[in-house]
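Take a look at the structure below.
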Amino acid sequence: MTIEEYNKAVDLYADNLYRFILKSCKKDAMAQDVVQDAFEKLWIKLENVEGSKAKSYLFTTAYHTMLDIFKKEKRMTEMDASGEDKHSHSEQYTDVSEVLQDALSKLSDIQRSVLLLRDYEGYSYEEIGEVTGLSDSQVKVYIYRARLTMKNYLVKMENII
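Going by this note's numbering, the first residue of the sequence shown is number 2, and it counts up by one from there.
Below, the structure is given as structure tokens:
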């Protein structure tokens, strides 16, 4: 990969990569750090990555970096067992985007990632498989289960009102 191809990759993929990571982790600072880390890793491996594979490399790297951060946070949370239920709430939703975000938060990390890549970013099953390291059939199963979970969550009246 040349420096020109790298700069083109930054222009073409930075926004999509940021949106994907932000939708998955819901933390602006974390999403920025993950995207920056992915581009840094691409820069380090500039000579080993083909220009045509930059998109796949970036999304794969960012996805795995995000998962590593989630694992690290989970260990930190388990160590900090304070007994408070930080995830409970009693507020009612009136905004559709809030309801959808809440429904997305009910999905596992892998389900949320494949669903966002497919439905939000428009990637093919093959591209999602490259990013996540899953086979096409595994991708389809995760997407199906994620959509089913979302559907079951969204049809419950108490979740919408």
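The beta-carbon is built from N, C-alpha and C at its ideal position, and this holds for glycine as well.
Spell out a yes or no on whether the region 109 to 128 and the region 16 to 31 are touching, meaning 3 or more CB-CB pairs, one atom from each, closer than 8 Å. By the Cβ test, the region 109 to 128 is in contact with the region 16 to 31, since at least three Cβ pairs between them sit closer than 8 Å.
Run through DSSP, which three-state label would Tyr124 get? Locating residue 124 in the sequence shown gives position 123, counting from the first residue. Tyr124: coil per DSSP, three-state reduction.
Could you tell me the alpha carbon to alpha carbon distance between Ala15 and Leu68, rounded to whole angstroms? As a position in the sequence shown, residue 15 is number 14, starting the count at 1. As a position in the sequence shown, residue 68 is number 67, starting the count at 1. Taking the straight line from one Cα to the other gives about 19 Å.
List the endpoints of the continuous alpha helix (DSSP H) containing Arg20. Position 19 of the sequence shown, counted from the first residue, corresponds to residue 20. If you look at Arg20, you'll find it in the alpha helix (DSSP H) that goes Ile4 to Cys26.
Would DSSP call Val50 helix, strand or coil? As a first step, residue 50 is located in the sequence shown; it is residue number 49 there, counting from the start. In this structure, DSSP gives Val50 a state outside helix and strand, which the three-state scheme calls coil.
Thinking C-alpha only, which one of Val100, Gln37, Thr66 and Val11 is nearest Leu155? Locating residue 155 in the sequence shown gives position 154, counting from the first residue. For Leu155, the nearest C-alpha among the options comes from Val100.
Cutoff 8 Å; reference Arg146; Cβ partners in own chain excluding five residues on either side: Walking along the sequence shown from the start, residue 146 turns up at place 145. Annotation for Arg146: Gln112 place their beta carbon closer than 8 Å to its own, counting only its chain and skipping 5 residues before and after.
Taking the C-alpha atoms as reference points, what is the distance between Leu108 and Glu127? Sequence index remark: in the sequence shown, residue 108 carries index 107 (1-based). Sequence index remark: in the sequence shown, residue 127 carries index 126 (1-based). Cα to Cα, the separation comes out at about 22 Å.
Rounded straight-line distance, which links the Cα of Gly130 to that of Val11: Position 10 of the sequence shown, counted from the first residue, corresponds to residue 11. Position 129 of the sequence shown, counted from the first residue, corresponds to residue 130. Using only the alpha carbons, I get a separation of about 22 Å.
Near Asp38, what residues of its chain come up, given a Cβ to Cβ distance below 6 Å and the 5 sequence neighbours on each side ignored? Mapped onto the sequence shown, residue 38 falls at position 37. Annotation for Asp38: Thr66 place their beta carbon closer than 6 Å to its own, counting only its chain and skipping 5 residues before and after.
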